[in-house]
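Right, one structure below, let's go through it.
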Amino acid sequence: MSVDNRRTNATNPEGSVADLLIYAELLNTPKLAQLYIYILQHDTVAIETIKDELDLPHATTYKYIGKLEEMDILTRHKEETPTTVNVTPIQLTLDTPHGEVLVTPALVDAVARQLDTEDIRVFVERQGIAKLAAALHYTRRVRDGDLTQRTAAEKLGVHAIEGITVITALQDVVGTATADDSMLASDE
Amino acid sequence: MVGMELPRDSIAVLDSSVLIAMGGPSTDKYQAFERVVMQRDVSVRIPTHVADELGESPKTYTYQRDRLRAAQDAGWLDQAPIDFSNPRVSEAIDRTRKRMLNLSVDDVTEDEIEKTDTVLTGVAYQYAIEQTSHVTVLVSDTIAEQAIDDVLCAMDVGNETAVIEGREFLEDLLDKDFEKRR
Chain A
267 MSVDNRRTNA TNPEGSVADL LIYAELLNTP KLAQLYIYIL QHDTVAIETI KDELDLPHAT
327 TYKYIGKLEE MDILTRHKEE TPTTVNVTPI QLTLDTPHGE VLVTPALVDA VARQLDTEDI
387 RVFVERQGIA KLAAALHYTR RVRDGDLTQR TAAEKLGVHA IEGITVITAL QDVVGTATAD
447 DSMLASDE
Chain B
5 MVGMELPRDS IAVLDSSVLI AMGGPSTDKY QAFERVVMQR DVSVRIPTHV ADELGESPKT
65 YTYQRDRLRA AQDAGWLDQA PIDFSNPRVS EAIDRTRKRM LNLSVDDVTE DEIEKTDTVL
125 TGVAYQYAIE QTSHVTVLVS DTIAEQAIDD VLCAMDVGNE TAVIEGREFL EDLLDKDFEK
185 RR
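Structure representation (structure tokens):
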């Protein structure tokens with residue numbers, strides 16, 4: 267597994283596992299994922315703006331900001347008034363027997379959208395995060411014209427309607443990732 | 005695609021992917037679509053095969069089936085049985101399957117081309133040969149769009165039919181609605 271964007275040493279096992287743990291926490295905590303993605307998409311933003319836009323309680327906002335800072339993926343600019351923050355776009359490359367798998371902030375975005383997109387929430391409840399990652403992969407392939415949504419559902423191993431529903435919902439995630447290319451790198 | 009309209013008094017063959025993209029009856033896209041088909045007297049048809057697939061989906065997706073029912077109850081959508089007794093209809097379906105396989109990438113096998121994707125061509129062909137109305141097929145896959153259009157043209161009903169990307173059509177409808185209200 268290799269690390270990108272945050273470490274200069276390509277064979278840094280500590281860095282690799284640290285990134286894995288960061289990703290695991292983001293993928294398992296939708297509200298944290300939502301905060302991370304919001305900041306990523308808005309470049310440098312005031313903490314108070316984040317609180318208002320995401321409608322988060324004061325304590326929760328600062329708790330999550332603190333968490334991302336501990337993970338070493340958020341920088342706080344205290345010299346600014348009001349204090350602003352920005353985050354690093356992290357990605358993981360996993361070498362698997364089936365080839366290279368790239369895990370990008372787009373998956374974190376998809377996880378965050380459980381909070382406001384019923385179709386994604388239902389899919390994750392039924393199928394889990396790993397399947398959501400696969401669905402995101404196939405959504406890109408459908409968008410690229412490689413295969414139809416029904417064929418993608420077949421490959422995902424889910425009912426056609428379930429597949430079409432989640433792929434339709436993930437089109438927005440993939441669309442955002444394409445628009446924000448510099449921050450949300452695209453998958454294979 | 006911008007400015008694409010459904011002709012008056014025409015038939016629109018809808019895939020479930022477009023119905024799903026619309027959202028429920030309370031959403032802007034659903035209501036905009038309902039408005040335009042009722043204003044322009046467009047008869048919306050969903051192949052029985054496609055409706056059956058919705059009907060057989062996991063219980064969690066009952067809300068998707070409810071959208072279909074809502075449209076049927078509102079009177080602008082009906083199911084369309086496929087006339088397999090017409091060999092040309094079966095031919096349209098077969099040719100679509102082959103064309104979709106051709107257009108898909110190498111790791112897609114023939115048994116992964118779903119029948120439900122291909123029946124849309126058959127239904128569109130059925131209506132087109134009646135020559136009473138224009139037929140628009142609404143899908144939301146580039147492969148489906150290309151394959152269905154290719155086959156309908158090859159079977160000489162290209163003039164009577166059009167195949168459009170349903171999600172773009174819905175976005176376009178919303179933009180037009182927004183423009184009108186400004």
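Residue numbers (this note's numbering), protein chains in the order written: chain A, 267 to 454; chain B, 5 to 186. Every residue, glycine too, gets a C-beta built ideally from N, C-alpha and C. What you are looking at is a predicted structure, and each value in this text was computed from that prediction instead of being measured.
Does chain B have any CB closer than 9 Å to the CB of residue i?
i, result
"residue 412/A", "yes"
"residue 380/A", "no"
"residue 366/A", "no"
"residue 362/A", "no"
"residue 454/A", "Because the pLDDT at residue 454/A is just 36, under 50, the model does not fix this residue reliably, and the point stays unresolved."
"residue 421/A", "yes"
Considering only C-alpha positions, which residue in the set the options is nearest to residue i?
i, options, result
"residue 284/A", "298/A, 339/A and 376/A", "339/A"
"residue 331/A", "301/A, 413/A, 427/A and 436/A", "301/A"
"residue 389/A", "428/A, 409/A, 382/A and 420/A", "428/A"
"residue 165/B", "91/B, 142/B, 70/B and 24/B", "142/B"
"residue 63/B", "392/A, 397/A, 423/A and 439/A", "392/A"
"residue 304/A", "346/A, 326/A, 319/A and 422/A", "319/A"
"residue 125/B", "27/B, 85/B, 171/B and 111/B", "85/B"
"residue 295/A", "380/A, 441/A, 421/A and 403/A", "380/A"
"residue 80/B", "14/B, 93/B and 127/B", "14/B"
"residue 255/A", "333/A, 314/A, 337/A and 316/A", "Limits of chain A in this structure are 267 at one end and 454 at the other, which puts residue 255/A out of reach."
"residue 376/A", "420/A, 293/A, 280/A and 288/A", "293/A"
"residue 406/A", "373/A, 286/A and 363/A", "373/A"
"residue 181/B", "19/B, 51/B, 56/B and 40/B", "40/B"
Suppose you measure from the CA of residue i to the CA of residue j; what does that come to, to the nearest Å?
i, j, result
"residue 76/B", "residue 358/A", "47 Å"
"residue 87/B", "residue 322/A", "56 Å"
"residue 99/B", "residue 8/B", "27 Å"
"residue 343/A", "residue 349/A", "6 Å"
"residue 35/B", "residue 155/B", "32 Å"
"residue 72/B", "residue 23/B", "8 Å"
"residue 308/A", "residue 351/A", "10 Å"
"residue 139/B", "residue 324/A", "56 Å"
"residue 297/A", "residue 109/B", "37 Å"
"residue 159/B", "residue 117/B", "21 Å"
"residue 167/B", "residue 417/A", "20 Å"
"residue 386/A", "residue 104/B", "28 Å"
"residue 354/A", "residue 306/A", "7 Å"
"residue 440/A", "residue 11/B", "32 Å"
"residue 74/B", "residue 93/B", "29 Å"
Could you list which residues in chain A have their beta carbon closer than 7 Å to that of residue i, in chain order?
i, result
"residue 64/B", "388 and 392"
"residue 2/B", "What is shown of chain B runs 5 to 186, which leaves residue 2/B out entirely."
"residue 112/B", "413 and 417"
Is there at least one Cβ from chain A nearer than 9 Å to residue i's Cβ?
i, result
"residue 179/B", "no"
"residue 176/B", "no"
"residue 68/B", "yes"
Give the residues of chain A in contact with residue i, contact being defined as C-beta atoms less than 8 Å apart.
i, result
"residue 58/B", "427"
Name the chain B residues that come within less than 8 Å of residue i, Cβ to Cβ?
i, result
"residue 405/A", "The premise fails here: residue 405/A is roughly 12 Å from chain B at the closest Cβ pair, so nothing lies under 8 Å."
"residue 395/A", "Result: empty, since nearest Cβ-Cβ is about 17 Å, beyond 8 Å."
Who are the neighbours of residue i on chain B, taking C-beta pairs under 9 Å?
i, result
"residue 439/A", "By Cβ distance, chain B contributes nothing, its closest Cβ being about 15 Å from residue 439/A, past 9 Å."
"residue 434/A", "21, 24, 25, 144 and 171"
Please list, in chain order, the chain B residues whose beta carbon lies closer than 7 Å to that of residue i.
i, result
"residue 408/A", "145"
"residue 431/A", "24, 65 and 68"
message = Runs of 4 residues minimum, wholly inside the segment 293 to 352 of chain A: which ones carry the alpha helix (DSSP H) assignment?
response = 296 to 307, 313 to 319 and 324 to 336
message = Which runs of the alpha helix (DSSP H) at least 4 residues long sit entirely within the segment 123 to 173 of chain B? Give them in chain order.
response = 146 to 158
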